[in-house]
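Colleague:
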Amino acid sequence: MAKGLPKRSEDFSAWYNELVGKADLAEHSGVKGCMVVKPYGYAIWENMKAILDQKFKETGHQNAYFPIFVPKSLFEAEEKNAEGFAKECAIVTHYRLKNDPDKKGKLMVDPDAKLQEELIVRPTSEAIIWSTYKKWIQSYRDLPLLINQWANVVRWEMRTRLFLRTTEFLWQEGHTAHATKSEALEETEKMMHVYADFAEDYMAMPVIKGLKSESERFAGAEDTYCIEALMQDGKALQAGTSHFLGQNFAKAFDVKFADSEGKQKYVWASSWGVSTRLIGGLIMTHSDDLGLVLPPKLAPIHVAIVPIYKGDEQLAKISEVANKLKADMQAKGIIVKYDDDDKRKPGWKFAEYEMKGVPVRIAIGPRDLENGTVEVARRDTLEKESLQQVDLAIKVEHLLEQIQINLLDRAKAYREEFTNVAATWNEFTELLDGKGGFVQAHWDGTEETEQKIKEETKATIRCIPFDQKEETGSCIYSGKPSKGMALFAKAY
RNA sequence: CGGGGUGUGGCCCAGUCCGGUCAAGGCGCCUGGUUUGGGACCAGGAGAUCGCAGGUUCGAAUCCUGCCACCCCGACCA
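Written out as structure tokens, the structure reads:
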């Protein structure tokens, strides 16, 4: 692994790009905008997935799987949804290749194999799923229908960045159907909280919960709830969304049920999703100029043990101690890698595990053998201390908990420092041009104002936070009356 | 879609302006040895039709034409 990263302070974007590569998380593939998620990066996703999946099941959802292709006629059924995604769709038009008569050894699309109806590669699955729900739902007894899907989707974006915005990405999408509006709203809200809890409890990434403005709302939704996180460069990241879909899809796909009185009614819906983008958020929340910093609850490896030795005999003695400590830690559910690879020197390994964000590193050398100690280094603070081998597993267990807490505290403190209230337009622009971060300000609630602010400052309304005191004021831009504050930021 | 850039062993890249032992260097890999408390060192070795297709020329990584791909910056977006 090559050494050294660009500094965050000098070029955040280059720092991020190189970190993703050097920490062995992902790389560009030969396909435009599409990434290869490498084993170490995928292990993080698997951890996220396992926890989220458990949370979905605890909240009553079941997993299912729907096709990657959506026939155009289904896709266009819900007009707003179709319109919103139309300009970023991959479309399958043919189903066969043939040998090119003009170019030996080359293939060409067989013009005779044109599909009667084009297939859209799903950018999201509402259409295909609601066309299926029509068959599944007849009675109020079939409701609520609570389904989640783990899948890949394709959105043909102009510009991509590893994890943050790739043409193909992995995600989960929940699609639920309910008998009443209030149930659907409750579900929408519940899943936003599930996401927020996951972000804080596992990713150690504090988020702001709120409502999207109309222009930022999901195409086809009545309301979009979201969680917004703040990255170390002062830009916001939309980390998850939960949509209240009203009866839009039920009407578009004619999904009705008979209520207990036998009356036919349209069902109410929600959909919600998070993606591999969370990994980008994880990176940009905690990592430093030495590399990745991972919260223990998501780290593929909790502890790396590095032996420091001269000769096979000494290595054998160290290995004996290391393996015993490893077994003790594993018994507590700690994931330990004992790295006795003789081809790498300790210094190389130290740098490598720092780059990969392993929360705790333990070094064991001849001095430690004599003293019954080990050297314990924590990734978050880079502090090192010598600890007695006795009860090490318990100490490491506590240390991992402390690291998890510290990362969240640190991220919260950062966010607090970079969340400011602007009372005047001057303050507003100065904050956005200067330190960046979230800026709370009164907004008149109109799309025109939102658009003008975006044009002049590049900042968008990330959300109207739920957690704010009722307070009237006047719009930062137009001076018109405002019923509350919106949260602005430049965003990814 | 605009602007910029890049394409040379597995990876990073020199060389391209000015055509001629130019296919260099570093990392990695293989062999052997010495090393090991913050990215070791020595010796030897393997590995490239220089993105693709044409063209100019005695001769092309280098010049010309066309094409393709990817990256970065913007607009758009999770």
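Here my numbering is used: the first residue of the first sequence is -5, the next is one more, and so on. No residue lacks a Cβ here, since even glycine has one placed at the ideal position from N, Cα and C.
Which partner residues does CYS220 have in the DSSP bridge list?
Modeller: Residue mapping note: residue 220 aligns to position 226 of the first sequence, counting from 1. In the DSSP output, where bridge partners are listed per residue, CYS220 has GLY204, THR235.
Colleague: My output table needs one value for TYR10: the three-state DSSP class, helix, strand or coil.
Modeller: Numbered from 1 along the first sequence, position 16 holds the residue referred to as residue 10. It is helical.
Colleague: Within 10 angstroms of the Cβ of ALA357, are there 16 or more other Cβ atoms? Answer buried if so, exposed if not.
Modeller: The residue you call residue 357 lines up with position 363 of the first sequence. Counting Cβ neighbours within 10 Å, ALA357 comes out buried, since at least 16 surround it.
Colleague: For GLN396 and ALA198, I'd like the C-alpha separation in whole angstroms.
Modeller: Taking the first sequence and counting its residues from 1, one reaches residue 396 at position 402. Taking the first sequence and counting its residues from 1, one reaches residue 198 at position 204. Approximately 12 Å, taken between the alpha carbons.
Colleague: For the region 0 to 76, list the beta strand (DSSP E) runs that are entirely contained and at least 3 residues long, ordered along the chain.
Modeller: Whole beta strand (DSSP E) segments, 3+ residues: 20 to 22, 29 to 31, 63 to 65.
Colleague: Are the beta-carbon atoms belonging to HIS526 and GLU216 less than 8 Å from one another?
Modeller: Outside the shown range of the chain, which is -5 to 486, sits residue 526, and nothing can be said about it.
Colleague: If the criterion is Cβ atoms closer than 8 Å, does the pair LEU481 and ILE202 meet it?
Modeller: Here residue 481 refers to the residue found at position 487 of the first sequence. Here residue 202 refers to the residue found at position 208 of the first sequence. Cβ distance < 8 Å, so LEU481 and ILE202 count as in contact.
Colleague: In chain order, what are the residue ranges of uninterrupted beta strand (DSSP E) at least 3 long that sit wholly in the region 109 to 154?
Modeller: The qualifying runs are 139 to 148.
Colleague: Which whole-angstrom value is the C-beta distance of GLU30 and SER23, which I expect to be below 8 Å?
Modeller: Numbered from its first residue, the first sequence carries residue 30 at position 36. Numbered from its first residue, the first sequence carries residue 23 at position 29. First, the amino acid is wrong: residue 30 is Val here, not Glu. Right, their Cβ atoms sit about 5 Å apart.
Colleague: Going by beta carbon distance, what residues of the same chain come within less than 6 Å of GLU391, once the five residues before and after it are set aside?
Modeller: Position 397 of the first sequence, counted from the first residue, corresponds to residue 391. Within the same chain, GLU391 has close Cβ partners LYS326.
Colleague: Using the Cα positions of ASP248 and LEU393, report the straight-line distance between them to the nearest angstrom.
Modeller: Within the first sequence, numbered from 1, the residue matching residue 248 stands at position 254. Within the first sequence, numbered from 1, the residue matching residue 393 stands at position 399. So the alpha carbons of these two residues sit roughly 55 Å apart.
Colleague: What whole-angstrom Cβ distance do ARG149 and GLU82 have, given they're in contact under 8 Å?
Modeller: Walking along the first sequence from the start, residue 149 turns up at place 155. Walking along the first sequence from the start, residue 82 turns up at place 88. Between GLU82 and ARG149 the Cβ distance is about 5 Å, and since that is below 8 Å, they are a contact.
Colleague: Taking contact to mean 3 or more Cβ pairs, one atom from each stretch, closer than 8 Å, check whether the region 471 to 485 and the region 434 to 445 are in contact.
Modeller: Judged by Cβ distances under 8 Å, the region 471 to 485 makes contact with the region 434 to 445, as three or more pairs qualify.
Colleague: Please determine, among TYR189, SER313, MET225, ASP227, the residue with the shortest C-alpha to C-alpha distance to GLY234.
Modeller: Here the question's residue 234 lines up with position 240 in the first sequence. Taking only the C-alpha atoms, the option nearest GLY234 is TYR189.
Colleague: My understanding is that LYS311 touches LEU363, with C-beta atoms under 8 Å, so please give their C-beta distance in whole angstroms.
Modeller: For the purposes of this step, residue 311 is taken as the residue at position 317 of the first sequence. For the purposes of this step, residue 363 is taken as the residue at position 369 of the first sequence. 6 Å between Cβ atoms; contact.
Colleague: Less than 8 Å between the beta carbons of VAL147 and PRO117, yes or no?
Modeller: One-based indexing of the first sequence puts residue 147 at position 153. One-based indexing of the first sequence puts residue 117 at position 123. For VAL147 and PRO117, yes; Cβs fall inside 8 Å.
Colleague: Span of the alpha helix (DSSP H) holding ALA310?
Modeller: Position 316 of the first sequence, counting from 1, holds the residue named residue 310. That run of the alpha helix (DSSP H) goes 305 to 324.
Colleague: Exposed or buried, which one is ALA58 when buried takes at least 16 other CB atoms within 10 Å?
Modeller: Residue 58 sits at position 64 when you count from the first residue of the first sequence. Under this definition ALA58 is an exposed residue.
Colleague: Could you pull out every unbroken beta strand (DSSP E) segment of at least 3 residues lying fully inside the region 430 to 477, listed in chain order?
Modeller: Fully enclosed beta strand (DSSP E) runs of 3 or longer: 432 to 436, 454 to 459.
Colleague: Counting C-beta neighbours from all protein chains within 10 Å, is the total for GLN445 16 or more, i.e. buried, or is it exposed?
Modeller: For this step, residue 445 is matched to residue 451 along the first sequence. That one is exposed.
Colleague: Quickly, what does DSSP pair PRO353 with across the bridge? List them, please.
Modeller: Within the first sequence, numbered from 1, the residue matching residue 353 stands at position 359. Its beta-bridge partners do not exist; DSSP assigns none.
Colleague: Measuring only the C-alpha atoms, how far is ASN242 from LYS463?
Modeller: Here residue 242 refers to the residue found at position 248 when the first sequence is read from its first residue. Here residue 463 refers to the residue found at position 469 when the first sequence is read from its first residue. Looking at the two C-alpha atoms, the distance is approximately 32 Å.
Colleague: Assess contact between the region 261 to 273 and the region 165 to 179, defined as three or more Cβ pairs (one per stretch) separated by less than 8 Å. Is contact present?
Modeller: The region 261 to 273 vs the region 165 to 179: in contact.
Colleague: Along the chain, which unbroken stretches of the beta strand (DSSP E) at least 3 residues long are found entirely within the region 253 to 277?
Modeller: Complete beta strand (DSSP E) runs here, min 3: 258 to 260, 262 to 269.
Colleague: Any heavy atom of the ligand SAM closer than 7 Å to the beta-carbon of LEU13?
Modeller: With respect to small molecules bound, the structure shown includes none, and the ligand SAM cannot be examined in it.
Colleague: For VAL415 and LEU292, I'd like the C-alpha separation in whole angstroms.
Modeller: Within the first sequence, numbered from 1, the residue matching residue 415 stands at position 421. Within the first sequence, numbered from 1, the residue matching residue 292 stands at position 298. Going from the Cα of VAL415 to the Cα of LEU292 covers about 33 Å.
Colleague: If you follow the beta strand (DSSP E) that PRO301 is part of, which residue opens it and which one closes it?
Modeller: Stepping through the first sequence from its first residue, residue 301 is reached at position 307. 297 to 301 is the span of the beta strand (DSSP E), which, as asked, contains PRO301.
Colleague: Restricting to Cα atoms, I'd like to know which of MET349, ARG355, ASP385 is closest to GLY285.
Modeller: For the purposes of this step, residue 285 is taken as residue 291 along the first sequence, with counting starting at 1. Ranking MET349, ARG355, ASP385 by Cα distance to GLY285 puts MET349 first.
Colleague: Buried or exposed: which applies to SER7, given that a residue is buried once 16 or more other Cβ atoms fall within 10 Å of its Cβ?
Modeller: Start at 1 with the first residue of the first sequence, and residue 7 comes out as number 13. Exposed: under 16 other Cβ atoms inside 10 Å.
Colleague: Could you tell me the distance, in whole angstroms, from the CA atom of TYR486 to the CA atom of MET225?
Modeller: Position 492 of the first sequence, counting from 1, holds the residue named residue 486. Position 231 of the first sequence, counting from 1, holds the residue named residue 225. About 9 Å.
Colleague: In terms of alpha-carbon separation, which member of PHE50, VAL370, SER468 lies closest to ASP191?
Modeller: One-based indexing of the first sequence puts residue 191 at position 197. Of the candidates PHE50, VAL370, SER468, the one whose C-alpha sits nearest the C-alpha of ASP191 is PHE50.
Colleague: How would you write the range of the beta strand (DSSP E) that MET102 sits in, first residue to last?
Modeller: Position 108 of the first sequence, counted from the first residue, corresponds to residue 102. First-last of the beta strand (DSSP E) with MET102: 101 to 103.
Colleague: Quick one: what does DSSP say VAL86 is sitting in, helix, strand or coil?
Modeller: Walking along the first sequence from the start, residue 86 turns up at place 92. In the structure shown, VAL86 sits in a strand (DSSP, three-state: E or B).
Colleague: Given 8 Å as the limit, is there contact between the region 371 to 381 and the region 408 to 423, that is, 3 or more CB pairs closer than that?
Modeller: Output reads no: the region 408 to 423 does not touch the region 371 to 381.
Colleague: Under the assumption that TYR347 contacts ARG355 (Cβ atoms under 8 Å), give the Cβ distance between them as a whole number of angstroms.
Modeller: Taking the first sequence and counting its residues from 1, the one referred to as residue 347 is at position 353. Taking the first sequence and counting its residues from 1, the one referred to as residue 355 is at position 361. Confirmed, Cβ separation roughly 5 Å.
Colleague: Based on Cα-Cα distance, which residue from GLU21, ALA44, LYS26 lies nearest to PRO33?
Modeller: Along the first sequence, read from residue 1 onward, the residue named residue 33 stands at position 39. Answer by Cα proximity: GLU21.
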